[in-house]
Each structure stands twice: as C-alpha cells, then as structure tokens.
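Enquirer: One structure, pasted below without further comment.
Number of protein chains: 2
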Amino acid sequence: MSVTYPKGFRAAGMTAGLKPSGQPDLGLLVGDPGTRAAGVFTTNLVAAAPVGLSREVLAAGGGRAVIVNSGQANAATGARGEGEARDVTARVADELALDRGDVLACSTGVIGEPLHLDRLLPAIPTLVGALSPQGGVDFARAIMTTDTVIKGATAEAGAYRVGGCAKGVGMIAPNLATMLVFVTTDAPVAPADLQRLVDGELTPRFNALTVDGCTSTNDTVLLFASGAAGDEPVAAQTPGWDGLAGAVGAVGDSLLAQLAADAEGANHVLLIDVDGAASEADARVVAMAIADSPLVKTAAFGGDPNPGRILQAVGSSGALIDAMAIDIAIGDVQLVFGGVIAPAYFEDDELANGARVAMKEPEIAIRVTLGAGPGRSRAVGCDLSYEYVRINGEYTT
Amino acid sequence: MSVTYPKGFRAAGMTAGLKPSGQPDLGLLVGDPGTRAAGVFTTNLVAAAPVGLSREVLAAGGGRAVIVNSGQANAATGARGEGEARDVTARVADELALDRGDVLACSTGVIGEPLHLDRLLPAIPTLVGALSPQGGVDFARAIMTTDTVIKGATAEAGAYRVGGCAKGVGMIAPNLATMLVFVTTDAPVAPADLQRLVDGELTPRFNALTVDGCTSTNDTVLLFASGAAGDEPVAAQTPGWDGLAGAVGAVGDSLLAQLAADAEGANHVLLIDVDGAASEADARVVAMAIADSPLVKTAAFGGDPNPGRILQAVGSSGALIDAMAIDIAIGDVQLVFGGVIAPAYFEDDELANGARVAMKEPEIAIRVTLGAGPGRSRAVGCDLSYEYVRINGEYTT
Chain A
61 MSVTYPKGFR AAGMTAGLKP SGQPDLGLLV GDPGTRAAGV FTTNLVAAAP
111 VGLSREVLAA GGGRAVIVNS GQANAATGAR GEGEARDVTA RVADELALDR
161 GDVLACSTGV IGEPLHLDRL LPAIPTLVGA LSPQGGVDFA RAIMTTDTVI
211 KGATAEAGAY RVGGCAKGVG MIAPNLATML VFVTTDAPVA PADLQRLVDG
261 ELTPRFNALT VDGCTSTNDT VLLFASGAAG DEPVAAQTPG WDGLAGAVGA
311 VGDSLLAQLA ADAEGANHVL LIDVDGAASE ADARVVAMAI ADSPLVKTAA
361 FGGDPNPGRI LQAVGSSGAL IDAMAIDIAI GDVQLVFGGV IAPAYFEDDE
411 LANGARVAMK EPEIAIRVTL GAGPGRSRAV GCDLSYEYVR INGEYTT
Chain B
61 MSVTYPKGFR AAGMTAGLKP SGQPDLGLLV GDPGTRAAGV FTTNLVAAAP
111 VGLSREVLAA GGGRAVIVNS GQANAATGAR GEGEARDVTA RVADELALDR
161 GDVLACSTGV IGEPLHLDRL LPAIPTLVGA LSPQGGVDFA RAIMTTDTVI
211 KGATAEAGAY RVGGCAKGVG MIAPNLATML VFVTTDAPVA PADLQRLVDG
261 ELTPRFNALT VDGCTSTNDT VLLFASGAAG DEPVAAQTPG WDGLAGAVGA
311 VGDSLLAQLA ADAEGANHVL LIDVDGAASE ADARVVAMAI ADSPLVKTAA
361 FGGDPNPGRI LQAVGSSGAL IDAMAIDIAI GDVQLVFGGV IAPAYFEDDE
411 LANGARVAMK EPEIAIRVTL GAGPGRSRAV GCDLSYEYVR INGEYTT
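So the sequences go chain by chain: A and B.
The first sequence begins at 61 in my numbering and counts up by one.
The second sequence begins at 61 in my numbering and counts up by one.
Here it is in structure tokens:
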C-alpha cells in the first residue's frame with residue numbers, strides 16, 4: 061500500500077551496504093512512459109547535492125524515476141557530492157534506458173559523509189532487476205533512517221488511485237525537514253497542474269509538521285502522475301480535479317499523521333490550532349512557536365497542562381498580539397480567559413484535573429484564540445522526551 | 061559580594077512562605093536618597109504585572125528600591141495582578157517612607173498563579189527591618205527559583221564600586237528571559253547615562269544568552285546608582301566613564317557566565333562565535349540558530365561534534381548566506397571548509413578525535429565564518445540533557 065498502488069509504477073528496495081546497520085538503504089521508483097513529476101524542496105540554504113540535481117530535472121520538465129539512498133545525506137559534500145549525485149542518476153538512466161534528465165535523486169542520512177559510491181553504483185543493476193508493481197513497500201522500507209515503522213497511504217478518486225510513502229522522524233520543521241515524501245497517481249496530469257497539487261495539497265500539510273524546529277538539508281516532496289488510468293488530462297478546470305486533489309490531500313494527511321506519531325522519542329502528537337489572528341501568517345507564527353517551545357514540549361512529556369508556558373510562547377512568537385485577548389483551551393478545557401489563567405487552575409479542582417487528562421491523551425489538542433481577525437493555522441508537533449535526547453545525543457557516536 | 065558591595069545600598073532576603081519548598085522567596089534592595097535607576101525589560105508581549113509597573117516607575121524618573129518575589133510570576137493574572145503588584149509596592153513605600161513612585165517590582169515563578177498576598181504583605185515590615193549593608197547575599201538567595209547556586213559579581217573602577225546579582229536557569233533566550241539581573245554602583249550617574257550603561261553594557265550581554273529559546277514574561281535588568289562614593293556626576297563625556305562602563309560590563313560578563321553554567325540540566329556552555337556575516341544582525345541570527353538548535357544541543361550533550369547539524373542550523377537560520385563560503389571550527393579544529401565537511405572527519409582519524417575532545421570541554425567553542433562581510437556576534441548557550449527534560453517535565457506536577 062504505497063507508491064505502487066496506482067497503475068503505471070514499479071518500485072524496488074534493497075540493501076546496498078550504505079548503512080552500518082545492514083538495513084535496506086537503496087530504493088528506486090519508476091513510472092511508465094508519459095509519467096510526469098512535480099515537487100517541492102527544502103528551504104535550507106545548505107541544500108544537499110541531490111536537491112540541486114532534482115530541482116534541475118524538474119525545471120527542465122523531466123522526472124520519470126527517482127533513486128533514493130539512505131545512510132548518507134550527500135549534503136555539505138561540495139563539488140564532489142554534486143558529481144556523485146550525477147554519477148548515480150546517470151547509472152540509473154543507463155540501466156533503465158532513460159534519458160539522464162529523467163532521473164531524480166534523494167538522499168537522507170549523515171550530513172557531510174561522502175556517498176559510499178563503491179557500493180551504491182554496483183547495486184544499481186540488481187535494484188533495476190528487482191523493480192515490480194508490488195515493490196512499493198520495499199521502496200518505503202529502503203528510504204527509512206531512524207524511522208521505526210514504514211509509512212504508506214492510499215486513496216481513490218473515481219477511477220484514479222493515489223498512493224504515497226514517507227520517511228522522517230527528526231530535523232522536521234516548518235518548510236519541510238529530513239522528510240522525504242513520494243506520492244503517485246495514475247491520473248493523467250500535466251506538470252503545471254501537478255505542481256498545483258503539490259502547492260495546494262502537499263506543501264501546506266507537510267509545512268505544518270515540526271518535530272524539533274530543525275529544517276533539513278534534504279527535504280523533498282515529489283508527486284508523480286503516470287496517466288495509466290485514463291487518457292483525458294485532469295486539470296484545474298476539469299470535473300475530476302477536486303476529487304483528485306482530495307485524494308492527494310487525504311494521502312498527505314495520512315502520511316503527516318504517521319510522521320508525527322513516529323517522531324523521535326515522541327509519546328504525544330501536539331495539534332496546535334490558532335484562530336482569531338490578524339492574518340494567516342500571524343496564526344502560523346504563533347502555532348509554530350507553541351509547537352517548537354521546549355517548555356511546552358517537556359510539559360506535554362510530563363502530562364502537565366502548564367498554560368503559562370503556552371502564553372509565554374504566544375507572547376514571544378513575534379506575532380503582534382493583544383495579551384488581554386488570548387483564550388487558550390487544552391482539549392475541551394478552557395484555561396485562559398482574556399489573557400488571564402483561571403485562578404481555579406491552581407487550586408487542584410476539576411479544571412486542573414480535566415486539563416491534566418487532556419494533556420495525557422495520545423493527541424493533545426491545544427486551541428488558541430487571539431481575537432484579532434480571521435487568521436487561522438495549525439501546527440503538528442510532539443513532546444520532548446528523554447528518548448529524543450538519547451537518540452540525538454548518540455546518533456553518530 | 062553582591063548588590064551591597066557598592067556604598068549606599070541596603071538589602072535583605074527572607075522566607076515569606078510564597079514557595080511550597082520553604083526556601084527564601086522575598087527580597088528587597090534599597091538605595092540611599094539620591095539613588096537613580098534604569099533598566100530593560102522582556103520583549104514578550106505577555107508581560108507580567110510587575111514589568112508594567114516597573115516600566116512606569118522608570119519612565120516617571122523613579123526607582124530607589126526594588127521588591128522581588130519568587131514563587132509566583134504574577135503574569136497572566138490580569139487586572140487583579142496589576143492591582144496586587146501596586147499593593148505590594150505601596151506597602152513597601154509606606155514602610156520605607158518613600159514615595160510610591162520610587163519602588164520597582166519584579167516577580168519570578170509560576171505563570172498565572174496569583175501572588176500569595178496574604179503571606180507577602182505581612183512579611184514586608186520584617187523584610188524592611190532586616191535591611192542591611194551586608195544583605196546582598198540574602199537578597200540574591202531570595203530571588204532564586206530552580207537556580208542551584210547564588211549568582212553574584214563585583215568590580216571596581218577607581219574609587220567606584222559595582223556589584224550585581226542575577227537569577228535564571230530556564231526560559232532564557234534572546235531578548236532576555238526568566239532572568240532577573242540587578243546591578244548597583246556607588247558612582248553618581250544621571251538616569252539618562254544609567255540607561256546608556258544598560259543599553260551599551262548590559263543588554264547586549266544578556267541578550268546573547270539562550271538556554272532554550274524561550275523568552276520569559278518577567279525578564280528584568282535593573283541598574284542602580286547611589287552616588288554615595290562621589291559628588292561629580294559620571295557621564296558619557298567625563299574621564300571616569302570608560303572605567304565605570306568597563307566595570308559594569310565586567311559584572312555583566314561574570315553574571316552571564318554564572319547564568320550559563322547553571323542553566324537547567326546543562327553540562328556544557330556553548331560559546332557560538334559567528335563572523336564574516338553581511339551584518340551584525342545576520343551574525344546574531346546565525347549564532348542564535350546554532351545555540352537554540354535541539355540537534356546541536358543534544359550533540360553537545362553526547363560529546364559528538366556533528367558538523368552537519370551546525371551547517372543545518374546555519375542554512376535554515378533565515379540569514380542570507382552562501383553555503384559554499386561557510387567555515388566551521390570546534391575548538392581549534394576546523395571541520396568545514398567552504399561548505400564542505402572534511403571527508404577525513406568520517407574516517408575516525410586525528411581530525412574527528414580532536415573535535416571530539418573539544419566537544420567534551422566544559423566550554424564548547426564553535427566558530428562559524430561566513431565570508432560575506434564584517435558582521436560578528438556571539439551567542440551563549442548550553443547543551444540539552446536528560447536533566448533539562450526531567451526538570452521541565454516535572455516542574456509543576
């Protein structure tokens with residue numbers, strides 16, 4: 061149930077020996093002739109070599125296949141890394157008898173470490189030989205780093221299918237993260253319309269996710285359309301558009317939830333909904349400030365509602381807010397009224413206990429109302445646990 | 061060796077019963093007649109009641125005394141909190157036979173919880189009775205929350221003395237934090253010149269400190285001048301100015317170092333020096349992005365140099381940088397050359413070992429050079445440990 065659910069795609073995954081762990085680390089996704097692609101990439105100015113290469117491929121109208129390795133990020137590797145990314149896609153193109161401008165690349169793993177080309181290049185013929193319309197799960201497994209579960213989703217829109225997979229557990233923040241997302245459809249969609257689907261349905265969803273406020277060097281979201289399930293192009297004005305957009309969005313929603321739930325060390329997903337902001341941008345700034353606050357995240361870990369920490373994050377977010385107009389609820393329990401924390405909260409009565417129950421749910425819903433205008437936004441975050449510190453304190457040592 | 065080191069100041073500290081722990085929680089600092097004050101306050105738009113009150117006192121030219129409580133922050137307490145802050149300063153003024161406009165107030169502790177006025181107000185006569193020229197350490201002890209040590213510093217400039225104390229261990233970030241800083245001098249300085257000393261010598265230092273990127277509702281830095289050690293005003297053009305500014309800066313440096321070393325759960329101080337930025341503002345943005353990155357902070361906890369995480373933080377800081385012009389050194393060991401991590405770093409040789417040694421020092425020096433211009437800035441941070449998660453996961457539960 062992954063990227064090969066729609067017709068017209070084959071995929072494979074294998075162990076090439078790039079990771080010390082011996083886990084699968086090389087994946088390939090290929091669309092039938094006529095496949096189109098669109099995407100969005102990290103905003104980090106220190107972008108990995110494959111990000112630059114893939115940007116160029118899409119800009120030139122190409123993109124029928126994508127080769128993905130885990131283990132090394134091929135970032136901060138300079139001209140050597142750029143050359144090696146090209147060597148990899150060239151070898152894939154040759155094996156598939158594709159134009160070199162039709163192969164995209166993604167990498168994820170340790171920043172700075174050179175690709176283990178001596179293992180990667182010889183594995184490519186094997187990988188190509190393993191391509192199969194049932195290979196989506198193998199592909200999804202090969203792209204994982206510290207992910208603990210495979211993340212895949214599917215949806216349908218009439219005769220069209222949509223499938224997707226994703227990886228990413230840390231360094232996930234606004235403007236994407238160490239997040240790789242691949243979504244496929246068998247609807248026929250022109251590149252410009254595919255980009256509309258990325259911009260409208262995928263980018264806003266994945267930009268809402270923040271694990272630790274850290275934006276990766278390698279973030280990539282790619283959307284492929286094989287056209288294998290129809291001849292009539294689906295475009296912004298055609299009847300099938302809304303259904304297809306909805307199905308792409310549904311796959312995005314599912315992958316987003318799976319990413320948040322598997323965030324490094326996370327025990328709780330934080331759903332931060334801000335409304336009443338002067339603008340959507342202000343709402344987003346406030347929602348992200350709460351989701352990224354170490355004090356809110358540790359409070360969530362401890363099961364402590366602590367409305368003062370939420371107020372602190374709102375007030376220092378950078379958005380222009382009226383401190384006396386802030387309402388805050390955790391779950392169904394309102395704790396802050398017009399900028400004032402209900403004094404009853406400190407008297408250990410029903411109010412505090414109700415909030416504590418809401419703060420121990422797997423999904424903690426924090427709702428902030430600013431009373432300034434129509435702006436609203438959601439951020440999806442997680443708690444900060446001992447396990448996050450352990451994972452990231454020991455990552456390469 | 062604290063705020064009563066200069067002549068013309070008396071202070072006291074006591075246990076009024078505001079904290080469940082039974083630790084000292086109420087402090088008072090009073091200057092002799094003629095004492096002037098200046099200060100700087102939190103930029104958090106959710107500012108505590110005493111912050112608003114103290115701003116007004118300074119704006120009206122007052123400020124001979126400051127009453128400080130720990131235990132409750134008196135923030136997010138609305139009109140009630142404003143009224144109670146006024147009740148407290150009025151009672152202090154009455155006991156000291158001062159004008160009510162001469163008493164400043166600071167609070168630190170749990171946000172939202174109402175002040176325990178029933179205990180605070182009756183304690184004030186006792187506190188006033190305990191005032192003494194040797195009371196600086198008692199005062200410094202009474203303002204602590206989760207601080208583990210008393211923080212005080214002194215310096216001299218010719219015939220003049222400078223003393224100071226501070227508290228703050230978390231929620232410390234750019235633009236001040238749950239940080240209360242009190243600096244005194246017996247030099248005669250007019251209010252406008254005192255403000256120059258705050259702006260020039262204290263604000264930049266304390267704004268460099270970040271424990272967790274969280275800006276408190278209560279941050280306050282106050283500078284008092286009693287004039288008890290001389291008659292001739294020290295001003296920006298007089299011969300004693302540079303010496304006095306240097307002494308105030310030295311006290312600021314010492315308090316800053318003490319705050320960083322006592323940061324919640326911290327085992328290492330991070331000294332992040334950025335130069336070669338297009339502007340000082342850009343340098344500051346980059347330095348703070350590194351100091352606040354959970355990935356850099358957990359790497360410091362783990363003793364892992366991980367230059368990729370530093371690059372990741374630089375690239376997503378928001379500053380316009382050229383990824384191919386970044387050099388990074390940890391301690392004396394340069395690891396990144398023109399945006400490229402030295403491949404030797406991954407081969408476990410001298411380079412990596414040298415960096416690992418530097419990453420295990422009590423003070424970890426990270427130097428980033430951007431090659432874009434003359435802008436430079438320093439951020440002072442700390443590592444992110446299990447202990448930070450424990451302290452903040454359990455703070456009120």
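Positions of the beta carbon are idealized from the N, C-alpha and C atoms, including for glycine.
Listing by chain order, which chain A residues have their CB less than 8 Å from the CB of residue 371 of chain B?
Expert: 106, 135, 136, 171, 172, 277
Enquirer: Residue 134 of chain B to residue 335 of chain A, Cα distance in whole Å?
Expert: 26 Å
Enquirer: Residue 454 of chain A versus chain B: which residues are under 7 Å apart at the beta carbon?
Expert: 362
Enquirer: Taking the alpha helix (DSSP H) that residue 408 of chain B belongs to, which residues open and close that run?
Expert: It is not in any alpha helix (DSSP H) - residue 408 of chain B carries neither H nor E in the DSSP assignment.
Enquirer: Among A:203, A:281, A:296, which one has its Cα closest to the Cα of residue 316 of chain A?
Expert: Scanning A:203, A:281, A:296 for the CA closest to the CA of residue 316 of chain A turns up A:281.
Enquirer: Taking residue 452 of chain B as part of the beta strand (DSSP E), name the residues at either end of that continuous run.
Expert: Looking at the DSSP string, residue 452 of chain B is not in any beta strand (DSSP E); the run it does join, the alpha helix (DSSP H), is 446–453.
Enquirer: Within this structure, are the beta carbons of residue 203 of chain A and residue 152 of chain A separated by less than 9 Å?
Expert: With contacts defined by Cβ atoms closer than 9 Å, residue 203 of chain A and residue 152 of chain A do not form a contacting pair.
Enquirer: Which term fits residue 236 of chain B, buried or exposed, when burial requires 16 or more other beta carbons within 10 angstroms of its beta carbon?
Expert: Unreliable positioning characterises residue 236 of chain B in this predicted model, as indicated by a pLDDT of 36, which lies under 50. A coordinate reading is not provided.
Enquirer: Would you mind listing the beta strand (DSSP E) stretches within the region 94–125 of chain B that are 3+ residues and don't spill past its ends, in chain order?
Expert: 96–101
Enquirer: Alpha carbon to alpha carbon, how far is residue 436 of chain A from residue 397 of chain A? Give it in angstroms, no decimals.
Expert: 19 Å
Enquirer: Taking C-alpha atoms, which residue in B:394, B:407, B:333 lies nearest to residue 415 of chain B?
Expert: Residue B:394 holds the alpha-carbon nearest to the alpha-carbon of residue 415 of chain B among B:394, B:407, B:333.
Enquirer: Report the residue from B:362, B:128, B:172 whose alpha carbon sits nearest the alpha carbon of residue 242 of chain B.
Expert: B:128
Enquirer: Taking DSSP's pairing of strands, which residues face residue 397 of chain B in a bridge?
Expert: B:400
Enquirer: Does residue 422 of chain B have its Cβ less than 9 Å from a Cβ in chain A?
Expert: no
Enquirer: Using DSSP bridges, identify the partner residues of residue 241 of chain B.
Expert: B:226, B:281
Enquirer: Quick one: using the 10 Å Cβ neighbour count with 16 as the cut-off for buried, is residue 192 of chain A buried or exposed?
Expert: exposed
Enquirer: With DSSP as the reference, please indicate the residues paired to residue 332 of chain A in a beta bridge.
Expert: A:426, A:439
Enquirer: On the CB-based measure, 16 or more other CB atoms within 10 Å of its CB, does residue 164 of chain A come out buried or exposed?
Expert: buried
Enquirer: With 16 as the cutoff for other CB atoms within 10 Å, does residue 186 of chain A come out buried or exposed?
Expert: exposed
Enquirer: Could you spell out the range, first to last residue, of the beta strand (DSSP E) harbouring residue 73 of chain A?
Expert: Unbroken beta strand (DSSP E) run through residue 73 of chain A: 69–74.
Enquirer: At which residues does the alpha helix (DSSP H) containing residue 147 of chain A begin and terminate?
Expert: 138–156
Enquirer: For residue 345 of chain B, does the count of other Cβ atoms within 10 angstroms reach 16, so buried, or fall short, so exposed?
Expert: Label assigned to residue 345 of chain B: buried.
Enquirer: Just the chain A side, please: which residues come within less than 8 Å of residue 228 of chain B by C-beta, in chain order?
Expert: What residue 228 of chain B touches in chain A, judged by beta-carbon distance under 8 Å, is nothing: the nearest beta carbon there is about 14 Å away.
Enquirer: In chain order, what residues of the same chain have a beta carbon less than 6 Å from the beta carbon of residue 457 of chain A, not counting five sequence neighbours either side?
Expert: Low confidence applies here, because residue 457 of chain A scores a pLDDT of 38, under 50, leaving its location unreliable; read the following figure in that light. Cβ within range, chain order: n/a, list empty.
Enquirer: Buried or exposed: where does residue 110 of chain A fall if 16 or more other Cβ atoms within 10 Å of its Cβ makes it buried?
Expert: buried
Enquirer: So for residue 234 of chain B, helix, strand or coil by DSSP?
Expert: With a pLDDT of only 34 at residue 234 of chain B, under 50, the local geometry of the prediction cannot be trusted, and the value read off the model is given with reservation. Reduced to three states, the DSSP call for residue 234 of chain B is coil.
Enquirer: Could you list which residues in chain B have their beta carbon closer than 7 Å to that of residue 367 of chain A, in chain order?
Expert: Neighbourhood of residue 367 of chain A in chain B, by CB distance below 7 Å: 172, in chain order.
Enquirer: Taking C-beta to C-beta, are residue 350 of chain A and residue 374 of chain A nearer than 9 Å?
Expert: yes
Enquirer: Which runs of the beta strand (DSSP E) fall wholly inside the region 330–392 of chain B and span at least 3 residues, in chain order?
Expert: 387–390
Enquirer: May I have the straight-line CA-CA distance separating residue 214 of chain A from residue 195 of chain A, to the nearest angstrom?
Expert: Taking the straight line joining both Cα atoms gives about 15 Å.
Enquirer: Would you say residue 68 of chain B and residue 287 of chain B are within 9 Å of each other, going by their C-beta atoms?
Expert: yes
Enquirer: Any idea what DSSP makes of residue 132 of chain A, helix, strand or coil?
Expert: In the three-state reduction of the DSSP assignment, residue 132 of chain A falls in the strand class.
Enquirer: May I have the straight-line CA-CA distance separating residue 233 of chain A from residue 227 of chain A, to the nearest angstrom?
Expert: Any reading at residue 233 of chain A must be qualified, since the residue scores a pLDDT of 42, below 50, and its modelled position is unreliable; no value is offered.
Enquirer: Is residue 66 of chain A closer than 9 Å to residue 312 of chain A when the C-beta atoms are compared?
Expert: no
Enquirer: Compare the beta carbon distance of residue 390 of chain A and residue 367 of chain A with 9 Å and say whether it is the shorter of the two.
Expert: yes
Enquirer: With 9 Å as the threshold, decide whether the Cβ of residue 358 of chain A is near any Cβ in chain B.
Expert: So, interface residue.
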